[in-house]
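Below you'll find the structure, written out as structure tokens, and then a few comments.
Protein chains: 2
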Amino acid sequence: MKAGIETIPKGTVTSPEGFFAGATSAGINEKARDKPDLGVLFSEAPCVAAGVFTTNRIKAAPVVLSQQRLKRGKAGAVVVNSGCANACTGERGRGDAAKTAELTAKGIGISPEEVLVASTGVIGLPLPMKRITPAMEQVILSRDGGHELARAMMTTDTFAKETAVRVRVGKGEFTIGGVAKGSGMIHPDLATLLCFLTTDAAVEKGFLKEALKKAVDVSFSMISIDGDTSPNDMVLLMANGLAGNVPADAFEQALEQVCTYLAKSVAADGEGATRLIELTIRGARSLAEARLAARTIVSSSLVKAAVHGADPNWGRIMAALGRSGVEVEEARTDLYIGDMALVKAGRALPFNKRGAVRLLEKREVAIRLDLNLGSASATAWGCDLSPEYVTINSQYMT
Amino acid sequence: MKAGIETIPKGTVTSPEGFFAGATSAGINEKARDKPDLGVLFSEAPCVAAGVFTTNRIKAAPVVLSQQRLKRGKAGAVVVNSGCANACTGERGRGDAAKTAELTAKGIGISPEEVLVASTGVIGLPLPMKRITPAMEQVILSRDGGHELARAMMTTDTFAKETAVRVRVGKGEFTIGGVAKGSGMIHPDLATLLCFLTTDAAVEKGFLKEALKKAVDVSFSMISIDGDTSPNDMVLLMANGLAGNVPADAFEQALEQVCTYLAKSVAADGEGATRLIELTIRGARSLAEARLAARTIVSSSLVKAAVHGADPNWGRIMAALGRSGVEVEEARTDLYIGDMALVKAGRALPFNKRGAVRLLEKREVAIRLDLNLGSASATAWGCDLSPEYVTINSQYMT
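Residue numbers (my numbering), protein chains in the order written: chain A, 55 to 452; chain B, 55 to 452.
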């Protein structure tokens with residue numbers, strides 16, 4: 055059964071009952087002193103919580119701390135900063151992450167153990183605690199503060215990513231909201247991606263963890279911007295129960311919708327990106343192969359550069375499919391851009407080149423491959439590769 | 055024992071005794087009608103031969119044909135074209151590859167079975183046989199024709215890649231020569247890479263195959279330009295025996311030297327590249343892990359973009375190491391750019407930023423990581439990522 059899921063206009067992470075947020079400019083990045091860069095998310099009621107974290111072997115101090123604290127499956131607040139990743143910072147970094155949590159806990163009157171920490175920005179620099187400590191007192195939490203939080207998380211993001219959905223179930227309703235940041239170092243199995251999700255639904259902590267993993271699998275794990283992952287990635291979900299019990303399937307559907315919306319927003323706002331690429335694989339032998347093929351093709355620099363130039367060079371899509379490692383029979387493969395078939399049963403079709411160019415010039419470019427070998431399908435999202443991506447990333451630190 | 059290996063000035067694939075080559079302009083790519091694009095390599099004495107081919111599941115017609123013909127371990131000639139990959143061309147493509155071999159065989163008076171075929175260029179277009187057929191008669195083979203062959207193979211390459219070495223052993227000597235083309239779709243486990251190697255050494259065919267595999271493992275399999283591989287990649291080695299028997303170790307050393315030189319030339323001439331990156335891993339637990347880490351880091355878009363901007367953003371190198379999947383202990387890892395230590399035992403060292411920028415501005419940038427976990431080491435080569443790479447690849451076909 056499809057739940058009645060409705061997107062809330064201007065919805066954000068504080069749309070669910072009982073969540074508060076706020077942010078301020080601590081001046082963490084010396085080059086952007088006035089940008090909001092320090093934010094707090096807080097639930098007035100205690101939450102069950104779950105998280106998904108980077109698979110990178112180099113883990114930032116806030117990741118190590120938050121993973122440890124989430125073992126109990128509970129949380130009351132999240133503190134996040136941009137401008138400094140607090141990664142590759144050793145003992146000092148671990149101390150700074152704990153200190154940030156402590157300052158947050160003190161400000162809102164909860165135990166430091168209930169505070170999760172997230173950071174994003176340059177790797178290898180220490181957190182400037184002497185700027186963070188006084189700034190923390192300037193953070194004012196409000197029911198509408200999700201918008202400020204979303205902006206405080208941004209680094210090279212060009213727009214804030216936030217959404218919320220309301221789900222009517224029987225006589226009641228519950229809400230799920232979220233904020234995310236992305237931009238570079240974005241690749242399957244997370245990314246320089248921070249996402250905080252909230253809900254007022256009452257859910258058991260084992261279910262929460264499972265539902266989060268399922269939703270991340272089809273959303274944040276299916277986007278790629280540049281093939282790199284970061285030591286800082288995390289997706290956190292907090293449920294404070296204020297809206298009471300909810301049906302499991304409605305919760306899962308709504309959570310997937312929120313995660314997919316935020317993941318696509320992150321992909322569309324990749325550094326230097328001008329287009330969102332939606333890559334669908336059909337007819338794969340297994341779900342694992344469908345996912346692998348979709349993620350490989352959407353990550354190909356050559357495919358991404360061709361989309362940037364609206365160049366219908368479909369051979370690169372076939373080549374990326376071929377190197378993905380999944381079972382492919384060239385003579386069975388169909389390839390579409392939008393609704394236009396370019397290859398059928400492995401044979402190049404004569405196609406209207408100007409029409410194909412027009413399809414590739416859209417803000418959202420849909421590419422579909424049918425392997426005709428089985429019944430599994432998967433969708434991945436990415437963006438085009440532009441000269442601006444290189445310019446941004448060749449001058450990030452200098 | 056190190057063999058006395060001497061690089062031959064202006065050496066090329068026809069430097070070994072008994073090899074002839076030539077090329078012409080067939081006008082295969084309509085946008086570059088006058089560029090040499092069709093070449094032939096021929097040995098007057100019969101050769102034992104071996105090849106290494108693309109791991110891409112989508113294999114171009116010439117790859118399928120050459121792989122099949124090399125099963126006997128013999129070859130007499132190679133015909134190569136640029137401007138059209140003859141990939142994703144189905145039955146017609148297979149017929150065209152065979153026809154090209156037949157025309158070549160007829161021209162030089164050998165059996166079509168002895169002719170190997172290689173192609174590079176746009177995927178998905180058929181070979182223009184009506185231009186290739188008459189052009190084949192214009193190819194004039196000469197002892198000095200390796201240079202022409204090297205140019206005929208080029209696509210977006212900016213310089214021809216060719217070399218030869220002479221090895222003195224006892225009273226005699228033997229020669230190994232080679233030509234290669236690269237530029238885009240270059241990644242470990244081959245690349246849009248064609249390489250033809252020749253020698254006048256007399257070697258047994260099983261040994262030839264093994265020696266080629268060993269040399270490719272540390273050279274062509276250790277370069278990356280953009281993470282993509284193509285359906286057309288091949289490295290071929292032909293030995294005509296005219297110089298008699300040679301010591302196995304001297305042959306292996308010389309072959310590795312030729313392959314490494316050509317592989318580094320391909321990496322340095324990556325599309326849009328301005329710098330060669332040499333990435334060395336030391337102290338890994340195993341050779342497999344050392345190779346994987348080196349290849350992963352040298353393939354990272356973010357590392358490549360930072361090198362392009364001479365930005366000493368070493369956190370990206372650590373992040374790429376962390377996602378490579380190899381065992382890493384942050385607190386044991388050392389990182390160097392050139393001879394300058396930036397990280398020791400996982401701790402960021404204060405470093406001279408201007409000095410680091412100067413090291414990154416060199417034509418060849420050396421980056422070294424010591425994992426301090428074992429004794430295995432490996433080196434990989436790549437290039438920086440420039441806005442020009444994107445420009446070249448967004449307009450390849452249109």
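Using N, Cα and C, we set each Cβ at its ideal position, and we do this for glycine too.
- For secondary structure counted as the alpha helix (DSSP H) over 4 or more consecutive residues, the segment 260-316 of chain B holds no complete run.
- Under the DSSP definition of a beta bridge, residue 215 of chain A partners with A:234.
- Taking residue 99 of chain A as reference, the option from A:128, A:189, A:59 with the minimal CA-CA separation is A:128.
- Contact between residue 343 of chain B and residue 112 of chain A does not hold, since their C-beta atoms are separated by about 15 Å, which reaches or exceeds 8 Å.
- In chain order, 142, 178 make up the part of chain A whose C-beta sits under 7 Å from the C-beta of residue 402 of chain B.
- Taking a contact as a CB-CB distance under 8 Å, the pair residue 140 of chain B and residue 115 of chain B counts as one, their CB atoms being some 5 Å apart.
- If one requires a minimum length of 3 residues, the beta strand (DSSP E) runs lying completely within the segment 132-189 of chain B are 169-176, in chain order.
- Taking 9 Å as the Cβ-Cβ cut-off, the segment 345-363 of chain A approaches chain B at 353, 354, 355, 356, 357, 358, 359, 360, 361, 362, 363, given in chain order.
- Secondary structure note for residue 358 of chain B: its alpha helix (DSSP H) is the uninterrupted segment 355-362.
- Under the three-pair Cβ rule at 8 Å, the segment 117-125 of chain B does not count as touching the segment 363-381 of chain A.
- Secondary structure at residue 207 of chain B: helix, using DSSP grouped into helix, strand and coil.
- Taking 8 Å as the upper bound for CB-CB distance, residue 207 of chain A and residue 174 of chain A are in contact here, some 7 Å apart.
- For a Cβ distance threshold of 7 Å, residue set 178 of chain B lies close to residue 368 of chain A, ordered along the chain.
- DSSP places residue 100 of chain B in no alpha helix (DSSP H) but in the uninterrupted beta strand (DSSP E) bounded by 92-107.
- Any Cβ of chain B closer than 8 Å to the Cβ of residue 111 of chain A would place that residue at the interface, and such an atom is present.
- Partner residues in the beta bridge of residue 435 of chain B, as assigned by DSSP, are B:277, B:332.
- Contact annotation, residue 250 of chain B with residue 67 of chain B: C-beta distance approximately 6 Å; criterion of less than 8 Å satisfied.
- Counting every other CB atom within 10 Å of its CB across the protein chains shown gives residue 448 of chain A a total of 16 or more, marking it as buried.
- Of the candidates B:132, B:151, B:145, B:132 places its Cα closest to the Cα of residue 164 of chain B.
- By the rule that beta-carbons nearer than 8 Å mark a contact, residue 202 of chain A does not touch chain B.
- Distance from residue 76 of chain B to residue 202 of chain B at the Cβ level is roughly 6 Å; contact confirmed, criterion being Cβ atoms closer than 8 Å.
- Look at the beta carbons and you see the segment 334-351 of chain A not touching the segment 260-268 of chain A: under three pairs across the two are nearer than 8 Å.
- Counting C-beta pairs closer than 8 Å gives three or more between the segment 387-394 of chain A and the segment 421-436 of chain A, which meets the contact rule.
- Residue 429 of chain A is positioned such that its CB atom lies no closer than 8 Å to that of residue 327 of chain A.
- For residue 385 of chain A, the residues of chain B that pass the 8 Å Cβ criterion are 144, in the order they occur in the chain.
- Pairing residue 255 of chain A with residue 302 of chain A gives a Cβ-Cβ distance that is not under 8 Å.
- Residue 129 of chain A is bridged by DSSP to A:101.
- At a cut-off of 8 Å between C-beta atoms, residue 319 of chain B does not count as an interface residue with respect to chain A.
- Your pair residue 438 of chain B and residue 358 of chain B checks out as a contact, with CB atoms roughly 5 Å apart and the cut at 8 Å.
- If you draw a 10 Å sphere on the C-beta of residue 196 of chain B, you find fewer than 16 other C-beta atoms in it, and that means exposed.
- DSSP links residue 391 of chain B through a beta bridge to B:394, B:421.
- Judged by their CB atoms, residue 188 of chain B and residue 150 of chain B are not nearer to each other than the 8 Å cut-off.
- Residue pairing of residue 227 of chain B in beta bridges, as defined by DSSP: B:222.
- Residue 229 of chain B places its beta carbon less than 8 Å from that of residue 218 of chain B.
- Under the DSSP assignment, residue 60 of chain B falls in the beta strand (DSSP E) whose first and last residues are 58-61.
- At a cut-off of 8 Å between C-beta atoms, residue 377 of chain B counts as an interface residue with respect to chain A.
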